[in-house]
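S.K.:
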Amino acid sequence: MAAVESANADVVVVVAYGRFIPSEILSATQLGAVNIHPSLLPRHRGPSPVATAILDGDTFTGVSLMLLDEGMDTGPILSQSAPVEITQETRVDGLTDHLFEVGAGMLPNVLDDLASGVLLPQPQDDAGATVTRLIRKEDGVVDWDAPAERIVRMNRAFHPWPGTSTVWDGELLKLIDVEFVSGERIPSGFDPGVVFERDGQGVYVSTGDGSAVRLVEVQAAGTRVMSAGEFVVGRPDFIGARLGASRMSEK
Numbered sequence: 001m002a003a004v005e006s007a008n009a010d011v012v013v014v015v016a017y018g019r020f021i022p023s024e025i026l027s028a029t030q031l032g033a034v035n036i037h038p039s040l041l042p043r044h045r046g047p048s049p050v051a052t053a054i055l056d057g058d059t060f061t062g063v064s065l066m067l068l069d070e071g072m073d074t075g076p077i078l079s080q081s082a083p084v085e086i087t088q089e090t091r092v093d094g095l096t097d098h099l100f101e102v103g104a105g106m107l108p109n110v111l112d113d114l115a116s117g118v119l120l121p122q123p124q125d126d127a128g129a130t131v132t133r134l135i136r137k138e139d140g141v142v143d144w145d146a147p148a149e150r151i152v153r154m155n156r157a158f159h160p161w162p163g164t165s166t167v168w169d170g171e172l173l174k175l176i177d178v179e180f181v182s183g184e185r186i187p188s189g190f191d192p193g194v195v196f197e198r199d200g201q202g203v204y205v206s207t208g209d210g211s212a213v214r215l216v217e218v219q220a221a222g223t224r225v226m227s228a229g230e231f232v233v234g235r236p237d238f239i240g241a242r243l244g245a246s247r248m249s250e251k
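Numbering (full-length UniProt numbering), first residue to last: 1 to 251.
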């Protein structure tokens with residue numbers, strides 16, 4: 001608070017702070033506190049908007065510049081970006097960087113217009129609000145009973161942290177990169193989490209919706225990142241194994 005007052009600031013700009021701003025700071029400047037939030041509010045309020053957009057299968061997101069109030073991303077909107085596409089290749093780290101670059105580019109004009117009085121903050125439509133939660137390390141552990149597309153979205157949403165992983169032979173196996181192949185079906189009788197090969201097409205894991213995820217790159221404990229094909233050459237017993245955290249407790 002003392003730093004804000006001593007600076008005689010007209011406005012406070014908040015980026016990726018992750019905590020509530022004390023009310024005395026919100027009211028300490030003439031223009032208030034402007035936040036760059038990486039979603040098109042009121043969708044995806046809260047601490048994990050970018051990861052949640054990918055995880056939920058959104059096809060686009062964007063940036064909102066808003067005035068902070070005492071709620072969680074509930075303040076009035078100053079400006080929003082055009083929609084930013086989320087593709088099948090989009091990962092959270094690259095998308096986050098891009099969204100904050102977009103927001104930084106919007107900021108000068110927004111501050112000028114706010115100071116001149118030509119920009120009128122618009123209240124959010126709370127009826128359309130969704131709220132994200134903080135991502136935890138355990139969120140990256142794959143449940144192979146889930147649909148294949150959901151698991152692939154996890155891999156993109158949790159890269160590089162907390163990452164996605166599974167358990168094989170009692171040890172953690174990191175899934176560095178995975179793919180969903182449309183139309184790929186698992187062999188008859190396979191339970192979720194079973195590893196199998198398709199000649200010349202790669203290494204797959206069966207999932208709960210009867211489809212499969214293709215493993216692209218993996219990393220076992222104490223080893224480097226390698227392609228799934230290279231991993232299988234060194235560990236041929238990986239084919240036919242059943243993956244999953246529950247298998248650790250069964251050993």
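All residues carry an ideal CB built from backbone N, CA and C; glycine is no exception.
Cα separation between G57 and I186?
M.R.: 23 Å
S.K.: Evaluate E184 with the Cβ neighbour count: other Cβ atoms within 10 Å of its Cβ, from every protein chain shown; 16 or more gives buried, anything less gives exposed.
M.R.: buried
S.K.: Between which residues of its own chain and M248 is the CB-CB distance below 7 Å, once the five residues before and five after are set aside?
M.R.: Below a pLDDT of 50, predicted positions are generally treated as unreliable, and M248, at 42, falls in that range; the measurement from the model is reported next regardless. Short of 7 Å from the beta carbon of M248, and not among the five residues preceding or following it, lie these beta carbons of its own chain, in chain order: V167, G170.
S.K.: Helix, strand or coil for I21 per DSSP?
M.R.: coil
S.K.: Among residues of its own chain, excluding the 5 on either side of L31, which ones have a beta-carbon nearer than 7 Å to its beta-carbon?
M.R.: D10, V11, L114, A115
S.K.: Output yes or no for whether 8 Å exceeds the beta carbon distance between D69 and H159.
M.R.: no
S.K.: Out of curiosity, what's the CA-to-CA distance linking A33 and A16?
M.R.: Looking at the two C-alpha atoms, the distance is approximately 13 Å.
S.K.: Going along the chain, which residues of its own chain have a beta-carbon closer than 8 Å to the beta-carbon of V232, five neighbours each way excluded?
M.R.: The beta carbon of V232 sits closer than 8 Å to those of E197, V203, F238, I239, all from its chain and outside the five residues before and after it, given in chain order.
S.K.: Along the chain, where does the beta strand (DSSP E) containing V195 start, and where does it finish?
M.R.: Secondary structure note for V195: its beta strand (DSSP E) is the uninterrupted segment 195–198.
S.K.: On the DSSP letters alone, give me the boundaries of the beta strand (DSSP E) that G202 sits inside.
M.R.: 202–206
S.K.: The beta strand (DSSP E) with M66 in it runs from where to where?
M.R.: From DSSP, the beta strand (DSSP E) with M66 extends over 64–67.
S.K.: Since G189 contacts R242 with CB under 8 Å, what's their CB separation in whole angstroms?
M.R.: Contact between G189 and R242 does not hold, since the beta-carbon distance rounds to 13 Å and is not under 8 Å.
S.K.: Quick one: complete beta strand (DSSP E) runs, 3+ long, within the UniProt domain "Formyl transferase C-terminal" (135–234)?
M.R.: 164–168, 171–185, 195–198, 202–206, 211–220
S.K.: Ignore the nearest five residues each way along the sequence and tell me which others in D145's own chain have a CB closer than 6 Å to its CB.
M.R.: P192, G208
S.K.: Just to confirm my understanding: we take N35, look at its own chain, exclude 5 residues before and 5 after, and list those with CB closer than 6 Å. What are they?
M.R.: V14, M66, L68
S.K.: Answer with yes or no whether the minimum CB distance from V63 to chain D is below 8 Å.
M.R.: Within the model displayed, chain D is absent; a lone protein chain is all it includes.
S.K.: Determine the closest residue to V84 out of L55, L107, D112, V50, with distance taken between C-alpha atoms.
M.R.: V50
S.K.: Evaluate F60 with the Cβ neighbour count: other Cβ atoms within 10 Å of its Cβ, from every protein chain shown; 16 or more gives buried, anything less gives exposed.
M.R.: exposed
S.K.: Assign F180 to one of two classes, buried (16 or more other C-beta atoms within 10 Å of its C-beta) or exposed (fewer than that).
M.R.: Around the CB of F180, 16 or more other CB atoms lie within 10 Å, so the residue is classed as buried.
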